[in-house]
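Under mature numbering (1 follows the signal peptide of the UniProt record, and there is no 0), the letters of the sequence shown match residues -30 to -1, 1 to 805, in that order. The beta carbon of each residue, even a glycine, is placed where N, CA and C say it ideally should be. None of the values given here were measured: they were computed from a predicted structure.
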Amino acid sequence: MHPARACLAALCSALAGLLILAGLPAVAQAASWPIFPPTCSYTNIRKVEDRRIHIPKAATHVIPALDTQVTFAVSSTWTETATATLSTTFGIESSINIGKIIGELQARGEATATASYSITGTGTYTTTLTVPPHHTMLATFGVYYQRQLYKVDWQPGCEPPLYTFFGGITAMVPLGTGYELKYDRPGGQGRPNPGGGSSVNPPRPPTPQPVTSVVGLADGTLLATTDTRRIYKMVGGAPVWQSTCGDGICNTESRPTTQAVINAGPATPRNGSSAIDQRGRIYIFVGGAPLHQAHCSAPVNCGTPPKISNWSIDARDHMNGIPADGQLIQGWDGGSATPVAMTVGGARINFANPQEITDTGHGSNWASKVTILSSWAFKGLGEVPIDGTLVQGTGGGASTPVAVFVAGARINFASPQEVVDAGYGADWASRVRAIPTRAFNLVRPDLPADGTLVQGQGTPVAAIVGGARINFASPQEVVDSGFGADWAGKVRSVPTRAFNLIPANVPADGTLVQGQGTPVAAIIGGARVNFASPQEIIDSGFGTNWASMVRAIPTRAFNLIGTQIADGTRIQNAGSTSQAAIVGGAKIPFVSMAELVESGYGNAPTHIVPTRVWTALSDQIMDGTRIQNAGSTSQAAIVGGAKIPFVSMAELTASGYAQLRTQMVPNRVWVALSTRIADGTRIKDAASSGQAAIIGGAKVTFNDITEVNDSGYGDKPIQIVPNRVWVALSTRIADGTRIKDAGSTGQAAIVGGAKIPFVSMAELVESGYGDAPLQVVPNRVWAGLPAQIGDGTIVKAPTSAERWLITSGQRSLTTGSGTTWTIPARVLSLIPQAH
């Protein structure tokens, strides 16, 4: 037994670690992300290839030159259109787009780079070529493209066990058309070099026998199609088209055949066969796909790989782009090996033990089916299948739901009908791949990666942005958000149930978003915090490459995101080290780290906000907020800006605060909070249906809902207070309060507990009440207010310095101290002087 086979059973019990591929990302290094990155995920994008290639568009002309130079004219016909394309192996959009790539090519002097290169007229191209003696020229008309390949690595979630996901982006930009010229070996089409030999012509060598079937041909056998004028080379039992005979690719005599024979042969090379290209890269085939090997040291067996053209590998001629499902592989490097794995959707699913391999249908003889690769090639497959792969976990006699992979996530189906509705047809069951339940559960559930377009049956199209679903209202919104005119081909179908389970409208904290014509904004505490300048974005911790992190969303969706930072959010001023918590919509600063920790924010993620935003935040806790003293167990509600403490949990519950989240505030803040309920607050007794307004610090009760509405409180929120607090509230309206009768236009001031009516606006203003807030009282209350100013009140007329002390309804001049209330001279004159 091969030593690799002998070790398989023991080694496959070791679970491979996570794959995190290195490279400079096009978005941001970890250090330059926000302190709390969106959904704890990141994407690395790196360019791995940037070169000019030639794609044949017509049959190859083969022109031999024997003893003398040959000059000839050649014509080719082509009527297609070459267009710049950007293709991915998954549903994630990124900062890579055709416009940027074309701009880069133009900056490099590729002046002909265009988004679309069209052929017009007859499409026939003629040129004159010269072939030197003893050579054979292969002239192929086609389109020159600039080909750029990017590798994308995506790390989902915050949990270490979650699999990483990677894919590729291929950009093809047409630069122009022309003939690519290749030369066969010297000597022309089988003709010997001149010189030497007998004066008598040698006999003609036997003609190679035509090939009527490629089955059984040895690897490396050259085949020449007499009808389509192509050269093929046998690799792993399959004929692979060659774009050139350079670098010794055609150093053996070819055998004639036809294109029909080629087409009838195997579609891909067999498992374990190998090939080497002109770059010197050696590949081992798995499930028809060539996997680049880092080494060929035992037990990796590269055999004697036939040499093939680079184009054959790049174009995947007679090859698969990704390995076929169900292939068993294992990576080796020196004396160490990876677990055994199975190919599923272009990725590898690692097994933890031999039982898992048996459970997934590979039989007890699975070890004989394993293809050995270099560990580097093994790890390069990634761990999450491509979009549209159907899987089901199995093991221990039980199975998971069927699921589909969408941009690195596992979307479970709840019924067979959901699978059909998602576009997988009535025969979907034949496409389901069994994987270990353990591996199934390690894949991130429910939520595809950012940039994925999804749609359920009967739902709008939506983009995943910061872990949230942003619905589009029209096709134009999809285009405007950067998904291109071909966006429809990028939409992934998911069950409507799964679609609705994805959080909607508000991306995760730390996500940068922008609508058409809007500023860039960060999501902080579930709110949209707009930036006024690029420097503000940098100062808020998003780094100098923040632009690559911005997610485009429709302007409509941008404007729908609220601007009120959620309670419980920990923020920091970008311009200092100051930190605060949002409590009841207000900024509650911490004066020390001890205070921050004591208030329960020690482990909360910190979100940096611009100094401009920090300064503008309110310091008034909103009514209806439930707070707790960080220095004790005391709790209270904020009612009319005042702290209303609860003396028991029963009191808290009766007041309707039991289901509200408790917001901790520092003891220092707790102590400093006012205990006076602000005027204009609508309150209710927790123990009854009684309602009242706070006016001049007093409880002014309403007899019925008509009084509530007539007094202007119908639309105001009700703040419930404990019965104990309700009973204790004063019923005397404070002096200096400006009131209005709900049943008329009459206005008055409260002075010495009495109602002092104004007969004109001039009188009101002259008495100093023009800027005082107006409190409306029920007509019943208005009518019941006393008219006689209380004893001890000091009053004066607007235009006089004389101060009068009120005693038993009479006035007398006084020089004593105390607050002086201005009343209309008309009213003062009606108060008799004491004798």
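Beta-carbon proximity list for residue i, same chain, < 6 angstroms, skipping 5 on both sides
i: Trp398; result: Val389
i: Ser799; result: none
i: Ala245; result: Val205, Tyr253, Pro275, Pro276 and Ile278
i: Ala(-9); result: In this prediction, Ala(-9) scores a pLDDT of 24, lower than 50, which makes its location untrustworthy; the coordinate-derived value is nonetheless stated afterwards. Correct list: empty, nothing qualifies.
i: Ala141; result: Leu56, Ile71 and Gln118
7 angstroms Cβ shell around residue i - same chain, five flanking residues per side excluded
i: Gly788; result: Ile764
i: Trp457; result: Leu423, Val448 and Val449
i: Val435; result: Asp420, Pro477, Thr481, Val483, Arg521 and Ile523
i: Leu(-23); result: Note that Leu(-23) scores a pLDDT of 35, beneath 50, so its modelled location is shaky and nothing firm can be said.
i: Leu360; result: Val372, Val374, Tyr394, Trp398, Arg401, Val402 and Arg403
Status (buried if at least 16 other CB within 10 Å, exposed otherwise) for residue i
i: Val374; result: buried
i: Asn320; result: buried
i: Gly304; result: exposed
i: Glu353; result: buried
i: Arg540; result: buried
i: Asn241; result: buried
i: Asn599; result: buried
i: Pro276; result: buried
i: Thr651; result: buried
i: Thr792; result: buried
i: Val583; result: buried
i: Val490; result: buried
i: Glu621; result: buried
i: Leu417; result: buried
i: residue 817; result: As shown, the chain starts at -30 and ends at 805. That puts residue 817 outside it, with no answer to give.
i: Gly218; result: exposed
i: Ser344; result: buried
Residues that residue i bridges to, as DSSP identifies them
i: His105; result: Ala35
i: Glu765; result: Per the sequence shown, the amino acid found at residue 765 is Val instead of Glu. Paired residue(s): Trp774 and Trp791.
i: Val372; result: Gln362
i: Ile494; result: Ala497
i: Val424; result: Ala432 and Arg462
i: Tyr115; result: Ile23 and Pro144
i: Trp211; result: Tyr202
For residue j and residue i, believed in contact at Cβ under 8 angstroms, the rounded distance
i: Gln425; j: Val461; result: 5 angstroms
i: Ala212; j: Ser282; result: Residue 212 is actually Gln in this sequence, not Ala. Gln212 to Ser282, Cβ: 6 angstroms. Contact.
i: Lys654; j: Ile690; result: 5 angstroms
i: Ala392; j: Arg439; result: Rounded, the Cβ-Cβ distance is 16 angstroms, inconsistent with contact.
i: Gly376; j: Asp357; result: Looking at the sequence provided, one finds Val at residue 376 rather than Gly. Yes, they are in contact, since the Cβ atoms of Val376 and Asp357 sit about 6 angstroms apart, within 8 angstroms.
i: Ile299; j: Arg318; result: 7 angstroms
i: Phe672; j: Ala656; result: 16 angstroms between Cβ atoms; not a contact.
i: Val184; j: Met204; result: 7 angstroms
i: Gln633; j: Gly762; result: No, Gln633 and Gly762 are not in contact; Cβ-Cβ is about 43 angstroms, not under 8 angstroms.
i: Arg380; j: Pro415; result: 5 angstroms
i: Ser45; j: Thr106; result: So it is not a contact: roughly 19 angstroms between Cβ atoms.
i: residue 809; j: Pro236; result: Absent from the model: residue 809. The displayed extent of the chain is -30 to 805, so no value can be given.
i: Asp593; j: Ile608; result: 6 angstroms
i: Asp479; j: Gly495; result: 7 angstroms
Assigned secondary structure, residue i (DSSP; H/G/I helix, E/B strand, else coil)
i: Phe442; result: coil
i: Phe321; result: coil
i: Ile801; result: coil
i: Tyr571; result: coil
i: Ile68; result: helix
i: Arg526; result: helix
i: His288; result: coil
i: Gly786; result: coil
i: Ser518; result: helix
i: Ile597; result: strand
i: Met142; result: strand
i: Ser345; result: helix
i: Val390; result: helix
i: Asp303; result: strand
i: Thr96; result: strand
Close beta carbons around residue i, own chain, < 8 angstroms, minus the five adjacent residues each side
i: Thr370; result: Gln362, Gly363, Thr364, Asn382, Thr407, Phe410 and Asn411
i: Ala443; result: Pro430, Pro524 and Arg526
i: Ile648; result: In the sequence as displayed, the identity of residue 648 is Ala instead of Ile. Cβ within range, chain order: Gly610, Gly611, Ala612 and Ile664.
i: Thr790; result: Ile764, Val765, Lys766 and Arg773
i: Pro26; result: Thr110, Phe111, Gly112, Glu150 and Ser213
Heavy atom of the ligand SAH within 7 angstroms of residue i beta-carbon
i: Ala771; result: Looking at this structure, you won't find the ligand SAH or any other ligand, since it has none at all.
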